[in-house]
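Participant:
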Amino acid sequence: MKRGDIWAYSREALILENTCRLISTWNGYVSYLISERGVSPTTAEIYRRCIAMYLKSGKTEEEYYFDVLLNERYSSSFKHNMYFALKWHARMDLMND
Numbered sequence: 003m004k005r006g007d008i009w010a011y012s013r014e015a016l017i018l019e020n021t022c023r024l025i026s027t028w029n030g031y032v033s034y035l036i037s038e039r040g041v042s043p044t045t046a047e048i049y050r051r052c053i054a055m056y057l058k059s060g061k062t063e064e065e066y067y068f069d070v071l072l073n074e075r076y077s078s079s080f081k082h083n084m085y086f087a088l089k090w091h092a093r094m095d096l097m098n099d
């Protein structure tokens, strides 16, 4: 392995670590949605607000997602992304415990 290869691997590891640290916050998650997932800033902000509503609701993740799923005002794309946002939130809670 060459010195340049080691540098490249170290750089990739650092980028991955910084990305993980960034998305461990809500603002970071919104930034991640915009930059990595191609979500518009407006949609990302809607996701952030919905997650905030979920946190205030006192419902379980499953109960809240079921409410979103049954709401005809939301597109299937939004429902899909909300599902993954809720799963991400649950993972972050487990990591912080």
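Per the numbering used here, the sequence shown starts with residue 3, numbered consecutively.
Here a beta-carbon is modelled for each residue, glycine too, at the ideal position from N, C-alpha and C.
This one's a predicted model, so the numbers in the text were calculated from it and none came from an experiment.
(1) Taking its Cβ as the centre, do 16 or more other Cβ atoms sit within 10 Å of Met3, making it buried, or is it exposed?
(2) Indicate the three-state DSSP secondary structure (helix, strand or coil) for Gly30 in the structure shown.
(3) Within 10 angstroms of the Cβ of Met84, are there 16 or more other Cβ atoms? Answer buried if so, exposed if not.
(4) If I'm right that Glu63 touches Ala92 with Cβ under 8 Å, what's the distance once you round it to whole angstroms?
(5) Using only the alpha-carbon positions, how far apart do Lys81 and Cys52 sit?
Facilitator: Once the coordinates are examined:
(1) Because the pLDDT of Met3 is 49, which lies under 50, any placement of that residue in the model is unreliable, and the number read from its coordinates should be weighed accordingly. Its Cβ having fewer than 16 others within 10 Å, Met3 is exposed.
(2) helix
(3) buried
(4) 6 Å
(5) Rounded to whole angstroms, Lys81 to Cys52 spans 11 Å at the Cα level.
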